Structures are given as C-alpha cells and as structure tokens.
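For reference, the structure is listed below as structure tokens.
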Amino acid sequence: MTKALAAAALLVLAQPSAAQQDTGSSEASFLSSLEGRFSGNGTLQNAGGTSRSLKCQFDGDQQDSRLSLDGSCTTAAILSATIKIELRHDPKTGRYAGTFKESTGTVANLAGTRQGQRLTLAFNETAESVRPNPPATLTISRQQDGVALTLRGSQPGQGQNLDLLLKEN
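Using this note's numbering, the letters of the sequence shown map in sequence onto residues 374 to 542.
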C-alpha cells in the first residue's frame, strides 16, 4: 500500500500544476483570439506634431505559442506600408518576445507581458532601422469586437505615436 501511495505521489508531482496548465491554456486562448482578419482606421503622429490618417488591414495567425500579425496600412496620400509582428510566448518565464518590421525601414525587438486582454511590449529599434527612434511601448489589446494597437514613444516629442482600432471581419 505504501508503494502505491508513493507511486501516486510521484505521478502527481510529475504532472504540471493546475496553475501551469491554466496559464498555458490561457495564453493559447489569448493568442487564438488574435487570429483572423481585422481592418480599421487609425492615426500616425510624427515627432513634429504632424499626423496622418491610416486605413489598415491585419491578418493574425496563431500556432501553438506563436502569433504572427501581417498588416498593411495606407494613407489618403496613397502612401502604403506593410507591417509584420512576430511574437512567441515562453511558458517558463510567462513573457513574450518577438520582432516588429515595417516596410519603410523600422525594425524593432519586442519583449513584454500580458495582463488580462492587454499585451504590453517594450519596443526597441535595432541598428537595422533606417531612422532609429527612442524606445517605445507597443500595446496590443483584444477588445470585444476587435483589436487595438497603440505605439507610444518614451520621450515626448520624439519618435512616432500610432493608434489603430481594428474590427474583426
């Protein structure tokens, strides 16, 4: 009987805890909520204070602990840019890491955590960026009928700010 109890105890200890399983399924659920096609409008504000209205479309693709958001944005002046956000969740640390690449030359490393339906990521441009800006924060929030993407520079008056509200198609 003692051997049976010891064996059962070892099996329980070898299994991931309910909290670990819940966290993993919670992260998978959050990532899968960003899967699909989203489109909408937003604003890009430059450091000098000028702003442009944007019309954007993004496709989200989730596989396991990875998420890819591929998008394109255009302005009324018929300027366009493509954006690719690649993220992966590390279940050991609970953190997210990835990259942001934009066709006009912005390349940034992303790192951060999720609280509820909001993923907050440090946005640090790399040496590959054409016009490097100071560090910023990229926030991806799942909302009732879509996704909000917000980029805020850490130094007022420098860098760019981006606000997008995308509805699920």
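By construction, the Cβ of each residue, glycine as well, lies at the ideal position given by its N, Cα and C atoms.
Remember, it's a predicted structure, so these values are computed and weren't measured experimentally.
- Fully contained in the segment 446-470 are the following beta strand (DSSP E) runs of length 3 or more, in chain order: 453-463.
- Secondary structure at Leu407: coil, using DSSP grouped into helix, strand and coil.
- Assigned with DSSP and collapsed to three states, Glu400 falls in helix.
- Here Ile458 is buried. Its C-beta has 16 or more other C-beta atoms within 10 Å.
- In this structure, the alpha-carbon of Val520 lies about 15 Å from that of Leu494.
- Arg487 places its beta carbon 8 Å or farther from that of Thr510.
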